[in-house]
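J.: Below you'll find the structure I mean.
Here is the structure:
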């Protein structure tokens, strides 16, 4: 794209403003026709297609030759602004005779030359402009002709005369409104010629001499780039802020400035300032899509600032406003992944599930299912994690991604001690030719599975194969010897196991395998009662690998070694240091409990009470929390603090009741089973909720979920649709089901009917949801628009399949007019239909 073409919309708008004044003064029309006036206004606002249509409609309404010529010139301007130079040439060629000798002949010549230039004929344009100043000395086009002549020269590889023309215009018209545009074009010409220092000087002159113009605002953006490239960051920031804070600047330019400031601050790690800049960007832009993008970026930065609750609200707002499009999908996935990154596993799991249910794009589905698997993994729900990872492997089409997901399936089964399920997956992955490291790790894990299944000889064979496969690969050798050490340890061959651990340290010194070997060595020595040797091993691990994940366990085990060596004061010191250094450790509750026990057994009930109470307060979800409250009460009682002892007992009963909410548990079990793909078992769980707790609010939800399972099973057995319909109808007829649940049920009834080929009945159900929702909204009752949207879209798609485009458009129009999150998508759909079937509308 040429320089002229890039700046054409702005250039043509300003040309039109100036020329329109001259044309108006010379026109014989005292009161312009409404259509012509409308066209001018639309042109000035940048709506060139609307302007062109208005000028074309005005053509038969104007009667005098002057008015007709004026109208044709306006049409040409609009066509040029729309980059339709060939059509502009036709219009101008058709009025050449009328223009000759008229007051508008200079404008006709200028526009004709511009049309030739835009059509790729700069030489012809130059010929037409020759001697323009002599022939049309009073034309308002003079300054524009000079600039166009300069661009013609540039196009014809004559830069020096072109730049001289820009300088001439600037000298002659420095006090006119044309100065700003001339400086801008001059700077752009210099930029294209790679004379960047000169371009920067001209832009700086523009911002000084014409600070309140559109071109000065554009110059500030350009200068910010120049300054940044020259590492002049304060100057770049100053230029951007000058534009961003200028309230009279064009909104899109202000938004660009705020966005660049946000990037600038983010690069400087000033995330708070970046968040504020993005907030200003969202306020400044009138474009809904740009607002969403700014809020999306702001939400991500809020997470980086650990302002998690704010980040969640912002990204959820983006999802809600974006509807069901690409931005909604991106924001939903970002929200889930940020929560996972910040170890908010339960809410992250819910957000990943929302993505899986709402969006169908394959790459996003894979990421969501992998994220879901990781959440379930961290929640130690390994069976469900394996199911999620398996689904991720299924939806992926990239071999490396499939292998990664399958590896996590096996890891999840392994973590859940389901070694029989994990083993065949690991063995299959050992055949990978694309990922030798992954294959080696899989072989190592397969050996561990054999060992955990009580098959040490088979495990030893696999580890031996691993060692022999790449004897020069120290990492594989380390894996193999580590596996052999575990086998020897499992067989009770302690000395051989220690020797194998030592072998790992030799072949992989200083690596993660060295750390693992030293951890295993220390634990083995500890279990065999060799506490001094174990303590030495743990000390060495901490010294050489202080940042390794195993360092935490080594620190913990040092305390037990010292305690069992009867060095109680040293052990107590290590225990207290551990709590300070690793307060979030999984072993922290154990350490506090041991400190409490030690104090209690050594006649210090007050110290014991403090340790037990601290455990219960700090780690309420620990398996030791209820026991800690009990022993805190015992310690308080031992110190004759009976009221406090009673309070501990009351707190224990309140926080850890023995009774369970079985209805909610069974319902959650049904959900989990359905996620594992065990829909028949899931149905049994939901039936228990329905039968045992008929008055619970969960009964209607369980009927609906049972219907969902039946619907899924109907993919294999079509008779299941009848069972699903029965459940959905029961929900629809239930007096206790709320409005949104009934809409959901009616929509799903329609979906079942559609699957059964009963299209007319399905359409009736979809329309019932649509019209009921709209009727309720008119009454001021605003329900969840999800089922209204889905019903309307399904109904419209039925109309599209039958070729009834007008009815489809009407349904999409209702969604667009409803102001729901999917309104923008509905508008896009109806616009697509109108574009493809324009003759019907």
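In our numbering, the protein residues as written are 4 to 844.
Glycine residues also receive a C-beta, built at the ideal position from the N, C-alpha and C atoms.
These figures come from a predicted structure and were not determined experimentally.
Could you tell me whether the segment 127 to 135 touches the segment 98 to 108, using the rule of 3 or more Cβ pairs below 8 angstroms?
T.: Contact between the segment 127 to 135 and the segment 98 to 108 is absent, because fewer than three Cβ pairs lie under 8 angstroms.
J.: Going by alpha carbons, who is nearest to residue 623 out of 608, 602, 654 and 638?
T.: Position 620 of the chain shown, counted from the start, is the residue given in the question as residue 623. The shortest Cα separation from residue 623 among 608, 602, 654 and 638 belongs to 654.
J.: At a cut-off of 7 angstroms, would you count residue 321 as near the ligand SAM, judging by its Cβ distance to the nearest heavy atom?
T.: The ligand SAM is not part of this structure, which contains no ligands at all.
J.: For residue 567 and residue 422, what's the separation of their Cα atoms in angstroms?
T.: Stepping through the chain shown from its first residue, residue 567 is reached at position 564. Stepping through the chain shown from its first residue, residue 422 is reached at position 419. Residue 567 and residue 422: Cα-Cα distance of roughly 34 angstroms.
J.: Please report the Cβ distance between residue 716 and residue 682, rounded to the nearest whole angstrom; I am assuming they are in contact, meaning their Cβ atoms lie under 8 angstroms.
T.: Residue 716 sits at position 713 when you count from the first residue of the chain shown. Residue 682 sits at position 679 when you count from the first residue of the chain shown. Contact holds; Cβ gap of about 5 angstroms.
J.: Does the beta-carbon distance from residue 226 to residue 242 come in below 8 angstroms?
T.: To locate residue 226, count along the chain shown from 1; it is residue 223. To locate residue 242, count along the chain shown from 1; it is residue 239. Yes.
J.: CB residue 306 to CB residue 345, shorter than 8 angstroms?
T.: Taking the chain shown and counting its residues from 1, one reaches residue 306 at position 303. Taking the chain shown and counting its residues from 1, one reaches residue 345 at position 342. Cβ atoms of residue 306 and residue 345: closer than 8 angstroms.
J.: Would residue 801 and residue 830 qualify as a contact pair, given that the criterion is a beta-carbon distance under 8 angstroms?
T.: Locating residue 801 in the chain shown gives position 798, counting from the first residue. Locating residue 830 in the chain shown gives position 827, counting from the first residue. Contact: no.
J.: Would you check if the distance between the CB atom of residue 187 and the CB atom of residue 168 is smaller than 8 angstroms?
T.: Taking the chain shown and counting its residues from 1, one reaches residue 187 at position 184. Taking the chain shown and counting its residues from 1, one reaches residue 168 at position 165. No, these two residues do not count as a Cβ contact at 8 angstroms.
J.: In chain order, what residues of the same chain have a beta carbon less than 6 angstroms from the beta carbon of residue 844, not counting five sequence neighbours either side?
T.: By one-based count along the chain shown, residue 844 stands at place 841. Contacts found: 837.
J.: Below 8 angstroms between beta carbons: does that hold for residue 544 and residue 554?
T.: If you number the chain shown from 1, residue 544 lands on position 541. If you number the chain shown from 1, residue 554 lands on position 551. Yes, they are a contact pair.
J.: Could you check what DSSP says for residue 4 in three-state terms: helix, strand or coil?
T.: On the chain shown, residue 4 is found 1 positions in, with the first residue counted as 1. Any reading at residue 4 needs caution, since the residue's pLDDT is 34, under 50, leaving its predicted position unreliable; the model's value is listed next. Residue state, collapsed to three classes: coil.
J.: Can you tell me whether DSSP reads residue 694 as helix, strand or coil?
T.: To locate residue 694, count along the chain shown from 1; it is residue 691. Helix.
J.: Within the same chain, show all residues whose beta-carbon is closer than 7 angstroms to that of residue 595, passing over the 5 residues directly before and after it, in chain order.
T.: For the purposes of this step, residue 595 is taken as the residue at position 592 of the chain shown. Counting only Cβ-Cβ distances below 7 angstroms, and skipping sequence neighbours, we find 582, 614, 617 and 618.
J.: So, residue 426 versus residue 452, is the Cβ gap smaller than 8 angstroms?
T.: Sequence index remark: in the chain shown, residue 426 carries index 423 (1-based). Sequence index remark: in the chain shown, residue 452 carries index 449 (1-based). Yes, the Cβ-Cβ distance between residue 426 and residue 452 is below 8 angstroms.
J.: Give the range of the alpha helix (DSSP H) segment to which residue 397 is assigned.
T.: On the chain shown, residue 397 is found 394 positions in, with the first residue counted as 1. Taken as a continuous stretch (DSSP letters only), the alpha helix (DSSP H) holding residue 397 covers 385 to 398.
J.: Three or more beta-carbon pairs under 8 angstroms between the segment 767 to 782 and the segment 816 to 834, yes or no?
T.: Contact between the segment 767 to 782 and the segment 816 to 834 is present, because at least three Cβ pairs lie under 8 angstroms.
J.: If you draw a straight line from the alpha carbon of residue 735 to that of residue 337, how long is it in whole angstroms?
T.: Walking along the chain shown from the start, residue 735 turns up at place 732. Walking along the chain shown from the start, residue 337 turns up at place 334. In a straight line, the C-alpha of residue 735 is about 35 angstroms away from that of residue 337.
J.: Would you give the residue range spanned by the alpha helix (DSSP H) that residue 405 belongs to?
T.: As a first step, residue 405 must be located in the chain shown, where it is residue number 402. Taken as a continuous stretch (DSSP letters only), the alpha helix (DSSP H) holding residue 405 covers 402 to 418.
J.: Going by DSSP in three states, residue 132 sits in which element: helix, strand or coil?
T.: Counting from one through the chain shown, the residue named residue 132 turns up at place 129. Residue state, collapsed to three classes: helix.
J.: Out of 742, 756 and 739, state which residue places its alpha-carbon closest to the alpha-carbon of residue 727.
T.: Taking the chain shown and counting its residues from 1, the one referred to as residue 727 is at position 724. The shortest Cα separation from residue 727 among 742, 756 and 739 belongs to 756.
J.: For residue 760 and residue 440, I'd like the C-alpha separation in whole angstroms.
T.: Position 757 of the chain shown, counting from 1, holds the residue named residue 760. Position 437 of the chain shown, counting from 1, holds the residue named residue 440. Distance between the alpha carbons of residue 760 and residue 440: 51 angstroms.
J.: Given a threshold of 16 other Cβ atoms within 10 Å of its Cβ, counted over all protein chains shown, does residue 549 qualify as buried or as exposed?
T.: Counting from 1 along the chain shown, the entry for residue 549 is found at position 546. Counting Cβ neighbours within 10 Å, residue 549 comes out exposed, since fewer than 16 surround it.
J.: Using the C-alpha atoms, what's the distance from residue 289 back to residue 832?
T.: The residue labelled residue 832 in the question sits at position 829 within the chain shown. The residue labelled residue 289 in the question sits at position 286 within the chain shown. Roughly 22 angstroms separates the two Cα atoms.
J.: Please state the DSSP three-state secondary structure of residue 65.
T.: Sequence index remark: in the chain shown, residue 65 carries index 62 (1-based). Coil at residue 65, not helix or strand.
J.: Note down the Cα distance separating residue 443 from residue 678, rounded to an integer number of angstroms.
T.: Against the chain shown, residue 443 aligns to sequence position 440. Against the chain shown, residue 678 aligns to sequence position 675. So the two alpha carbons sit approximately 31 angstroms from each other.
J.: Measuring only between beta-carbons, confirm whether residue 240 sits less than 8 angstroms from chain D.
T.: Absent from the structure is chain D; it holds one protein chain and no more.
J.: Around the C-beta of residue 63, are 16 or more other C-beta atoms found within 10 angstroms, so that it is buried, or is it exposed?
T.: Working through the chain shown from its first residue, we reach residue 63 at position 60. It counts as exposed.
J.: For residue 805, which of helix, strand or coil comes out of DSSP?
T.: For the purposes of this step, residue 805 is taken as residue 802 along the chain shown, with counting starting at 1. Looking at residue 805 - three-state DSSP - the assignment turns out to be helix.
J.: In chain order, which continuous runs of the alpha helix (DSSP H) of length 4 or greater are located wholly inside the segment 535 to 574?
T.: With a minimum length of 4 residues, the continuous alpha helix (DSSP H) runs that stay inside the segment 535 to 574 are 552 to 567.
J.: Count the CB pairs spanning the segment 624 to 633 and the segment 600 to 613 that are closer than 8 angstroms, and state whether there are at least three.
T.: With a cut-off of 8 angstroms, the segment 600 to 613 and the segment 624 to 633 do not count as touching, because too few Cβ pairs lie within range.
J.: For residue 509, which three-state DSSP category applies?
T.: The sequence position of residue 509 within the chain shown is 506, counting from 1. Helix at residue 509.
J.: Run the CB neighbour count on residue 220, radius 10 Å, all protein chains shown included, and call it buried at 16 or more, exposed below.
T.: Taking the first residue of the chain shown as position 1, residue 220 is located at position 217. Residue 220 is buried by the Cβ-count criterion.
J.: Among 83, 68 and 526, whose alpha-carbon lies nearest the alpha-carbon of residue 103?
T.: By one-based count along the chain shown, residue 103 stands at place 100. Closest option to residue 103, Cα to Cα, is 68.
J.: What is the C-beta distance between residue 79 and residue 118, in whole angstroms, given that I count them as a contact (C-beta under 8 angstroms)?
T.: Taking the first residue of the chain shown as position 1, residue 79 is located at position 76. Taking the first residue of the chain shown as position 1, residue 118 is located at position 115. Residue 79 to residue 118, Cβ: 7 angstroms. Contact.
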